[in-house]
Amino acid sequence: MSKAILNVKGLTKNFGGIKAIDKVDLDIHPGEIVALIGPNGAGKTTFFNCLTGIYTPSEGDITLRNPESGKETRLNGMKPNKITEQGMARTFQNIRLFPTMSVLENVMIGRHCRTKALIFGAVFRNPATRREEEEIIATSYDILKKVGLHKQVDEEARNLSYGAQRRLEIGRALATEPFLLLLDEPAAGMNPKETETLVTLIREICKEGHSILLIEHDMKLVMSLSDRIFVMDYGKKIAQGTPEEVRSNPAVIKAYLGEDVDA
Amino acid sequence: MRLGLQKKLFVTAVALGFAMVVPATSFAGDTIKFGVAGAQSGDLAAYGLPTVKAAELVVKQYNAKGGINGKKIELLIEDDVCKPEVATNTATKLVTDGVDVVLGHICSGATKAALPIYKEAGVVVMSPSATDTALTFSGDYPNFFRTIAHNDAQAIKIVEFATDTIGAKKIAVVHDKGDYGKGLADIVKKLIEKSGKAEVVLYEGVTTGAVDYTAIVQKIKRKGADAVIFGGYHPEASKIVSMMKKKRMDTTFISDDGVQGDSFIKVAGKNAEGVYASGPNDNSKNPLDAVARNELKKVYNEDPGEFYENAYSATLALLNAIEKAGSTDMAAVVKALQTENVDTPVGSIHFDEKGDAVGVGFAMYQVKDGQYVEVK
Amino acid sequence: MDYFIELFFGGLTRGSIYALIALGYTMVYGIIGLINFAHGEIYMIGAFTSFIVATVLSIYGFPLLAIVVIAGLAAAVWSSAYGYTIEKLAYRPLRKAPRLAPLISAIGMSIFLQNYVLLAQTSDFLPFPALIPDFEFMEPVAHIVGSSDLAILVLTTLVMIGLTFLIKFTKIGKAMRATAQDKTMAVLVGINVDRVISATFVIGSALAAIGGMLIASHIGQINFYIGFIAGIKAFTAAVLGGIGSIPGAVLGSLVLGLTESFATGYISSDYEDVFAFSLLVLILIFKPSGLLGKAETKKV
Amino acid sequence: MFPVKELKRSFLISIWFAFLTFPIMVIKVDPIERTVLWRWDNMFFIAFGSFVISILAKVYLLRKERRAGRKKAKKDIAEPFVQRILREPRFLYPLSLAVLVLALVFPMFFSTYQTNIMTTALMYVVLGLGLNIVVGVAGLLDLGYVAFYAVGAYSYALLNLHFGLGFWAVLPIGGLFAAFLGVLLGFPVLRLRGDYLAIVTLGFGEIIRLILENWNDFSQGPSGIANIPRPGFFGMDMSFASGITYIYYIVVALVIITIFVVNRLQNSRLGRAWLALREDEIACQAMGIDKTKTKLIAFSLGAFWAGFVGVIFAAKTTFVNPASFTFLESAIILSIVVLGGMGSIVGVIFGALILILMPEYLRALSEYRMLAFGGILVVMMVFKPDGIISNVRRSYRFKKHHSKEVIEP
């Protein structure tokens, strides 16, 4: 197996005295779809926030490896935007689109870190800037087609349906050209039909060469999509393995039966 | 009629357009246009509004007598909020409206900003209150006159009084950071240092409008000053004096023209007792002063505010000069101002070639039994 | 050492003055997130009302104690009425408007009220009657702490305690806290949010009015413009302490008052306000939500 | 037609206002003479006035409701008329041309005074557009904008005083100084959020003014710097009136440049990032936008315009002192942006023209002028909280050779 693109070792996050995450290890390999599951409050989103630089981890190492160049970067303490530049993008559990901007503009924002024009370019619109702007629009439009929103380019993001907003978030993240995509509960609140579209979309994205790490409560989705699954409870990793292995793991069953089973 | 909002906007725009045309079409007619400019709103309104009242009263008298050479006097009253940029607009407006002479502006800064515009238009300007020395001494403004003494004259009087009459050795110089107060305090400080008769133990500005002056008063006490010279206006002076009394201090308090007025005694009350201030020569025996005061009481039921007498005098001086000159031409009016004496509440005055009033002597006053009494 | 103590008490008085005004800012901010620029004007109107009532009463020969009580009550009643009316006219219609709209409305209201008092009363400074007599027992320390300083310190303490009690234990206080935390939830549990907001304005205005009376009596003069400068300082103090937090407003005010006093005393009053604002900047850089403000947890 | 219930309500309102204004409006005391003046006639005016106004307001609201109801019934939320004009090039271009021609011939048909105040208003258009980048587009509430204006003005005043530099030389320098100060001040504080940023910027504005006021050796303190030369025109000596006209044209040119630049900035990669930043900072960062850098650029660009206009201010007024740079000035500029419509260029232009020309045309009201100004500010906000003209939605056209489809937005 090729080298891991994301390697997390002993990640710990304290809030005051509480350990929200306690020495979690995780690794993702190129082309994989990996799921992170666990009961509510297990620390999954906190884990995401540590990876993407919104929180600074208290202990542990996060290393990202670019599969093409082979460059390794330690992400601890990096700013979120730098991390995105390194090739890891995310979506949010409670959708965070730019509500009054248009669908297209939302995706165009994703192109920001891959483009350069600043004040000079904006004011003088030199050929390079014009080309860049055209590229941004064209790429964004192609991405919107991929996520099935190309008929609503001029709609304000807040006017989209829930499922469409989720897809738009994925599209926006894709625009940053990530090799690793983090999806935080992408299917939450979707109806079965929307979920089905989403599964197809995620598969497609994966096929195009993006690796995916997702948090999800919809077990059917998780089991059908993921190559490997990591299970967290009370901030600790309690299990990992293929869907079959995890399904039969007694610790996982206990964790889920101990409280409300979501799936 | 049901107008959409957009249509209404257009209507408003058109109306605005018309509004612009209307004031542009006023021409110099057969009235004498007497401009009054100064702060009439905002935080410094208290220093500008009495001037408006003074002008109104004097002009009413003149018009009741049939005006000057058969021409009625028309007042053009414009607010400058004591801001330089607004003052240039005010001045431009007055000039555009064909003003003949202007009483104003109130603040030195606003006056400096406005004067080039009047100069260009050949309009004589007389301020009741702008004391900045450079206004007359720089020679830049041949059209400028004032009925108030400039900072230098006042500072000399104050410093001489403090060092020679009182015999203060340690003097705290405090000001209000304003263009008048700080300008004066600067000169006072320099004069004391030059004379070598006393030491300036403290030179600081207080923040106008601050809720409490304890710290600065304690500092004056700690520096062991035996006299405080304050440059600024009466509200701050009365706050400092009251605070000093509260802290049981009896340091001599000496201040300027901005404090030498009834307003100070009114506001400071019994704390005002013993305070010294420089001011124009005693006019209490001047019948014109009584007239000016009575008029104000009769018409507005008010006591004189800031610079009321100066403004009253300036109005008289300007109108008298126009009458004597027989025209509103700048050169003629300037000549009349410089040569013709006029009786005013501040005395019988004319103006020197720089533009400062001659005959407005300066004296030191002390508050005794709720009144300013000249110190002989 | 004497000098230090003198400056300390001077700063304490000044801080308490800020606190009486800052409380209103912080309460309104806590509940509707609005920087109520007109609050300084409410304070000014309170001071003016008490001035007018006190002068009328003293002309009609009322005893001092009655004057103080009646003037204080009148100031509180009318300022509250103004606060209530302003909220209803200028802020309530903007509850759902973009965030800055009520701010501009507040600035407009502030300009309006200043000029209203200027025109209806006068532009001149007026002598404010000394409502706090020099107490006999204070005489030995009068050069450090005067009677009016004492009155202000005591009143601020009482107000602080009273307000904490009100917020913690009364029904309206609980409703206020609930509304401050989550307006939608408050409506769902049956709280009349409009009424709670009105109550906040009324209480904040009454405090400012009482403060206005005491402060004007302490300074001994009054004018239509006093609210503006005091208001900006009090607002700074409220932010310093953590806007929205009631103990924060008091702490911030005291810190600001003491800083200004010591800066004037030991350095120079020329740059008094520079010190005040620099302190604010410094504290906010290290504690972005103010001294006692709740750090906003990023919910992602 | 008008329900009795409403009449009763208006009556109660008028009683309330009579009560509310009683101490301030009715009683006037003279603490020295110890006399009281009871002005009962004022109470009558207030009661009558509030009665009439409340009825008028109610009528307005009723009609508005009815109209809104009708609109909903028709189910057509028509795009506002102004928006449509601004959007359609075939309306916009001729209209802009007409406005431009009007602006160019203005001084020929109006008096020097009119030209002068129009110049002031246009300067505020530029200031408003500058602040609009910061507040309207990037969503950073800046209450100390006037500090940068002061920097520009003093740059010209001081550089001219000490080194004899001319207007045209200082114009860019003033802008750059201000922008530099913007970076310097912005760096430590831009991580503060919303209202905390507001008060810190307010503090900075005051600090700059206080330094100018107190540091005599540097700035000549409160007495200010006089006799600043007006801009030269190939060394020609100009009369006052033609000087004013000249500055007017300079400002018109500046306004055109500003509109052009600001418009391009807003419709660029940077402009989008600002908008996104205003909407959601965290999402922005997660999309790879450098928050600090983007904010700093907005802050310093805004400052740049203020510095620019500051230089013109000094040249136009020929005098500067700290009194021109108070917090109120910042508040007025902010009001221009909000009143005009945050983020909207046309809105800001309208806002500036209305707010700056209004006090001038309200001069007829003399001492009631600022009262009216404050009142109108409140009324405008209450009835039009989104500003006069809200921002026009952008749409993008797609080039054929880049994407397979073409959509016409």
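Residue numbers (the working numbering), protein chains in the order written: chain L, 83 to 345; chain B, 2 to 377; chain X, 27 to 326; chain U, 128 to 536.
C-beta atoms are modelled at their ideal positions from N, C-alpha and C, and glycine is treated no differently.
Nearest to residue i (by Cα), restricted to the options the options
i, options, result
"B/Lys220", "B/Met244, B/Asn64, B/Leu45", "B/Met244"
"L/Val90", "L/Gly142, L/Asn122, L/Asp104", "L/Gly142"
"B/Tyr234", "B/Arg249, B/Lys247, B/Ile255, B/Lys222", "B/Ile255"
"X/Met186", "X/Ala263, X/Leu233, X/Lys320", "X/Leu233"
"B/Thr316", "B/Leu104, B/Phe231, B/Asp213", "B/Leu104"
"B/Gly206", "B/Ile157, B/Ile230, B/Arg147", "B/Ile230"
"B/Ala156", "B/Arg147, B/Ser128, B/Ile193, B/Gly123", "B/Ile193"
"X/Phe227", "X/Leu317, X/Thr148, X/Asn62", "X/Asn62"
"L/Glu286", "L/Glu298, L/Leu263, L/Asn158, L/Arg310", "L/Leu263"
"L/Ile87", "L/Asp104, L/Ile115, L/Ala337, L/Asn96", "L/Ile115"
"X/Ile331", "X/Tyr29, X/Leu139, X/Phe261", "This structure leaves residue 331 of chain X out entirely; chain X is present only between 27 and 326."
"L/Glu276", "L/Cys288, L/Glu290, L/Lys289, L/Asp300", "L/Asp300"
Those residues which DSSP pairs with residue i across a bridge
i, result
"L/Arg156", "L/Thr145"
"B/Gly385", "Residue 385 of chain B is absent from the model: chain B starts at 2 and stops at 377."
"B/Glu375", "B/Tyr366"
"U/Trp165", "U/Ile154"
"L/Phe312", "L/Leu118, L/Gln322"
DSSP three-state assignment for residue i, whether helix, strand or coil
i, result
"L/Gly253", "helix"
"B/Glu161", "helix"
"L/Arg172", "strand"
"U/Phe304", "helix"
"B/Ala358", "strand"
"B/Lys271", "helix"
"L/Lys227", "helix"
"U/Pro356", "coil"
"L/Gln234", "helix"
"B/Tyr277", "strand"
"U/Glu192", "helix"
"L/Thr197", "coil"
"B/Val347", "coil"
Whole-Å CB distance - residue i paired with residue j, under 8 Å assumed
i, j, result
"L/Leu256", "L/Val185", "Not a contact, Cβ separation roughly 14 Å."
"B/Asp180", "U/Ser350", "5 Å"
"L/Glu167", "L/Cys132", "Between L/Cys132 and L/Glu167 the Cβ distance is about 18 Å, and since that is not below 8 Å, they are no contact."
"U/Met508", "U/Gly263", "That pair is no contact at about 15 Å."
"X/Ala275", "X/Gly267", "5 Å"
"B/Thr91", "B/Ala115", "7 Å"
Residue-level contact to chain B via CB, residue i, 8 Å cutoff
i, result
"U/Glu487", "yes"
"U/Arg543", "Residue 543 of chain U lies beyond the residue range present for chain U, which begins at 128 and ends at 536; the question has no answer from this structure."
"U/Ile472", "no"
"U/Tyr373", "no"
Residue i at chain U interface by Cβ criterion, 8 Å
i, result
"X/Ile137", "yes"
"X/Val300", "yes"
"B/Ser1", "Nothing in the structure corresponds to residue 1 of chain B, since chain B is present only between 2 and 377."
"L/Met305", "no"
"X/Thr81", "yes"
"L/Pro274", "no"
is_contact[residue i, chain X] using C-beta, thresh 8 Å
i, result
"B/Ser239", "yes"
"B/Asp180", "no"
"U/Gly176", "no"
Chain L within 8 Å of residue i, Cβ atoms only
i, result
"U/Ser282", "no"
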